[in-house]
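Trainee: Residue numbers (our numbering): 1086 to 1455. A virtual CB, placed ideally from N, CA and C, is assigned to each residue, including glycine. Quick one: the structure is below, and I'll ask about it shortly.
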Amino acid sequence: MSRDWGSLFDVDTDPEDLLEHFDTEWFRGQRYRHLSDERHGIERGTALVGDVVVRGYPSMPRALVLEPAIRETFDGPVAIEEKLNGYNVRVARIDGDLLAFTRSGFVCPYTTRKVEALLDAETFFDDHPEHMLCGELVGPENPYTDHDYSEIEEVGFYVFGIRHRESGTPMGVERRLDRCATYGLDSVDHYGTFAPAAAVDAARERIDDLNARGREGVVLKSTDGETALKYTTSAIHRADLEHAFELPFDYGRDFVFTRVMREAFQAVERGESPAAVDERARELGEAILQPAVETIRAVDAGEPVGETHTVRGDPKTISDLLSYFRDQGLELHVERDETDGEQRVVTFTKVAQSTRDKTRYYLGGGTIDE
Ligand code: ATP
Ligand code: MG
């Protein structure tokens, strides 16, 4: 092996065995590799750029019932943070350039340009050259998610982790918050650090407030940043279902069972009255059926169906983004393509082929064996 990615391979792993699972991609003429599925304990999204290893962001468990899950997961102080609903981005500085990696380890041309523009991270990386910033890219104008936050006009980047890029070791919560403040980096909201027993009530209060504001949920973390637990609001379960059933044959099946069970356990933990459960049931049903009906009508009317996003940026960044998606095999339908001063603003739909094709098939009299 010509390169030194030593930290990736433990004694039991054959380097060639692991490397063969990495896919090769290109960014600005440079070759890099990334791992799209977890292998040999190495996180999905781990990337290799030249000699540099950028570890993936680990996936975290979810609590269905807060009280016992907090008790079982933590034996010391628990930090509570807001869980933002956007997409996971890791930012590293490699050979002087900021690179932004998405969850599965692609260097996204759009996200890279956005973080260059949004972040003033040079001093941070001068002082911490071997670290990466892990954060959520959120806001109404981005190519992956569409959750609106009233405080964000276009996009924002909020740090929820600082990790050693090669080992993946997290910085402790207090130190990370301090680093964000020192270097002027936006951070996810931190609601305080509590003893495990007190964390239950604190998390419940936050969940009520976030739910009322249509926000996603909380992440609880041990103070060393190593252990994390997520828990989400009813509002986001419904929003996920609405999204999934806008594209029922692409996402419906995967989403429905998990979200219904999150709602069921939440209703039980909260000791809800029959009337409250009825209300939950009605809203849940609406979140499923209404978007599916609208989508079938749209296909019937010949309209494109899929996830629609608007992005703005310099013309080169936007054309790089559209090519990057097309290279990944996505079929795009451009709805609007305008210029706003120096910027190109494009609204496009990632065409949901299964939903379009299956819906057309049934509308045309196709039958199903079930
Ligand atoms: P995975 O856990 O594998 O990422 P997923 O895509 O279903 O699965 P989510 O359910 O969104 O992920 O939960 C984990 C993600 O939440 C993180 O990867 C991160 O992008 C996001 N996130 C938002 N806010 C925070 C936060 N405060 N701390 C950690 N992660 C956060
Ligand atoms: Mg998420």
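1. Where does the unbroken alpha helix (DSSP H) through Arg1367 begin, and where does it stop?
2. Hey, Ser1189 and Ser1272: beta-carbon distance below 8 Å or not?
3. State the Cα-Cα distance for the pair His1322 and Trp1111, rounded to the nearest angstrom.
4. Between the Cα of Arg1347 and the Cα atoms of Gly1451, Thr1318, Pro1333, which residue gives the shortest distance?
5. Who are the near neighbours of Arg1477 in its chain, counting only those whose CB is closer than 7 Å to its CB and skipping five residues on each side?
6. In this structure, does DSSP put Ser1189 in helix, strand or coil?
7. Tell me where the beta strand (DSSP E) around Phe1242 begins and ends.
8. So, do the stretch 1290-1304 and the stretch 1120-1136 have three or more beta carbon pairs nearer to each other than 8 Å?
9. Just checking Ser1144 against the ligand ATP - is the residue's beta carbon closer than 7 Å to any of the ligand's heavy atoms?
10. Go to Ile1453, then tell me how far its beta strand (DSSP E) extends in each direction, as first and last residue.
11. Would DSSP call Gln1351 helix, strand or coil?
12. Figure out for me which residue from Arg1261, Thr1395, Phe1342 has the closest Cα to the Cα of Leu1270.
13. Between Glu1259 and Thr1208, how many whole angstroms is the CB-CB distance? I'm expecting something under 8 Å.
14. Alpha carbons only, please: which of Val1240, His1106, Arg1116 is nearest the one belonging to Gly1220?
15. In the DSSP assignment, find the alpha helix (DSSP H) that holds Asn1227 and state where it starts and stops.
16. Taking only beta-carbon positions, decide if Glu1201 is within less than 8 Å of chain D.
17. Can you tell me the Cα-Cα spacing of Asp1412 and Leu1406, whole angstroms?
18. Using three-state DSSP, classify Glu1420 as helix, strand or coil.
19. So what's Ser1235 in DSSP terms, helix, strand or just coil?
20. Can you list, in chain order, the residues of its chain with a C-beta nearer than 6 Å to that of Ala1377? Leave out the 5 residues immediately preceding and following it.
21. What span of residues does the alpha helix (DSSP H) with Ala1132 cover, start to end?
22. Is it right to say Ile1403 is buried, meaning 16 or more other beta carbons lie within 10 angstroms of its own, or is it exposed?
23. Mind checking which residues open and close the alpha helix (DSSP H) that includes Thr1312?
24. Tell me whether Asp1102 is buried or exposed, calling it buried when 16 or more other Cβ atoms sit within 10 Å of its Cβ.
25. For my contact list, Leu1314 and Ala1148 are in at a C-beta cut-off of 8 Å; report their separation, rounded to the angstrom.
26. Report back the beta-carbon spacing between Val1049 and Val1174 to the nearest angstrom; my notes put them in contact at under 8 Å.
27. Can you tell me whether Lys1401 is buried or exposed, with buried defined as 16 or more other CB within 10 angstroms of its CB?
28. Does DSSP classify Gln1115 as helix, strand or coil?
29. To the nearest angstrom, how far is the alpha carbon of Ala1386 from that of Arg1441?
30. Which same chain residues end up closer than 7 Å to Asp1335 when comparing Cβ atoms and leaving out the 5 residues on each side of it in sequence?
31. Do Gly1171 and Leu1222 have their CB atoms nearer than 8 Å?
32. For Asp1425, which residues from the same chain have a beta carbon less than 8 Å from its beta carbon, with the 5 sequence-adjacent residues on both sides left out?
33. Give a single yes or no on whether Asn1170 has its beta carbon closer than 7 Å to a heavy atom of the ligand MG.
34. Mind pulling the alpha helix (DSSP H) runs of 4 or more residues that sit fully within the stretch 1273-1326?
35. Note down, in chain order, each residue of its chain lying with its Cβ closer than 6 Å to the Cβ of Thr1434, except the 5 sequence neighbours on either side.
Mentor: Checking against the coordinates, here is how it stands:
1. 1359-1385
2. no
3. 36 Å
4. Thr1318
5. Residue 1477 lies beyond the stretch modelled for the chain, which goes from 1086 to 1455, so this question has no answer here.
6. coil
7. 1241-1249
8. At 8 Å Cβ cutoff, the stretches do not touch.
9. yes
10. Here Ile1453 belongs to no beta strand (DSSP E), and DSSP marks it neither H nor E.
11. DSSP places Gln1351 in helix when its eight states are reduced to three.
12. Closest option to Leu1270, Cα to Cα, is Arg1261.
13. That pair is no contact at about 20 Å.
14. Val1240
15. Asn1227 -> no alpha helix (DSSP H), and no H or E assigned at all.
16. Absent from the structure is chain D; it holds one protein chain and no more.
17. 10 Å
18. strand
19. Residue state, collapsed to three classes: coil.
20. Phe1330, Pro1333
21. Careful: Ala1132 lies outside any alpha helix (DSSP H), inside the beta strand (DSSP E) at 1132-1134.
22. buried
23. Looking at the DSSP string, Thr1312 is not in any alpha helix (DSSP H), and its letter there is neither H nor E.
24. exposed
25. 5 Å
26. Absent from the structure is residue 1049, since the part of the chain shown begins at 1086 and ends at 1455.
27. exposed
28. It is a strand residue.
29. Cα to Cα, Ala1386 sits roughly 11 Å from Arg1441.
30. Ala1437, Ser1439, Thr1440
31. yes
32. Hits under 8 Å: Arg1397.
33. yes
34. 1281-1297
35. Pro1389, Gly1391, Thr1393, His1418
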